[in-house]
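**Q**
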Amino acid sequence: MEVPDIQYTRSGDVAIAYQVVGDGPVDVVWFRGMAGDLLSTWDQSLIVRHAAWLARFARLLMFDKRGTGLSDRVREAPRLETRMDDVRAVMDAAGAERAVLRRQRTPRERVTAE
Numbered sequence: 003m004e005v006p007d008i009q010y011t012r013s014g015d016v017a018i019a020y021q022v023v024g025d026g027p028v029d030v031v032w033f034r035g036m037a038g039d040l041l042s043t044w045d046q047s048l049i050v051r052h053a054a055w056l057a058r059f060a061r062l063l064m065f066d067k068r069g070t071g072l073s074d075r076v077r078e079a080p081r082l083e084t085r086m087d088d089v090r091a092v093m094d095a096a097g098a099e100r101a102v103l104r105r106q107r108t109p110r111e112r113v114t115a116e
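To convert, count from 1 in the sequence shown and add 2; that's this note's numbering.
#1: What residue range does the alpha helix (DSSP H) around S73 cover?
#2: Name the DSSP bridge partner or partners of W32?
#3: Rounding to the nearest angstrom, what Cα-Cα distance links V16 and R58 in this structure?
#4: Do A19 and D66 count as a contact pair if the criterion is CB distance below 8 Å?
#5: From the DSSP output, in three-state form, read off R90 for me.
#6: In this structure, does DSSP put R85 in helix, strand or coil?
#7: By DSSP's criteria, S13 is part of a beta bridge. Which residues make up the other side?
#8: Going along the chain, which residues of its own chain have a beta-carbon closer than 6 Å to the beta-carbon of V23, five neighbours each way excluded?
#9: Where does V5 fall in DSSP's three states?
#10: Answer with buried or exposed for A79, where buried requires no fewer than 16 other C-beta atoms within 10 angstroms of its C-beta.
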């Protein structure tokens, strides 16, 4: 799978890095774990295979949360409302009106949940 271009949009005064994978009729916003970032995503074969599978029938929107990866740094942890503003900014930039929200749990969260 070819690594998609990294694009940027603004959420308030913060630049948010994002990528669009696939062109299916359904938009899926993929929230990755705390340590996940766009650059390291493409070095992880399991994630690449999953992204390729999703991209067969959906348009996958992936982004670095504010304060992580290629997105701007922030001084304090953002509130839920701010995080949702970031999601809306990515969706608007990608031209997505509606989306399925998909969250990737971290290995630690998986162990805690089991």
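A virtual CB, placed ideally from N, CA and C, is assigned to each residue, including glycine.
If you're wondering where the values come from, they're calculated on a predicted model, not measured in any experiment.
**A** This is what the structure holds:
#1: Element bounds for S73: n/a, residue is neither H nor E.
#2: M64, R104
#3: 31 Å
#4: yes
#5: helix
#6: helix
#7: V16
#8: Hits under 6 Å: P6, A53, A57, L62.
#9: coil
#10: A79 is exposed by the Cβ-count criterion.
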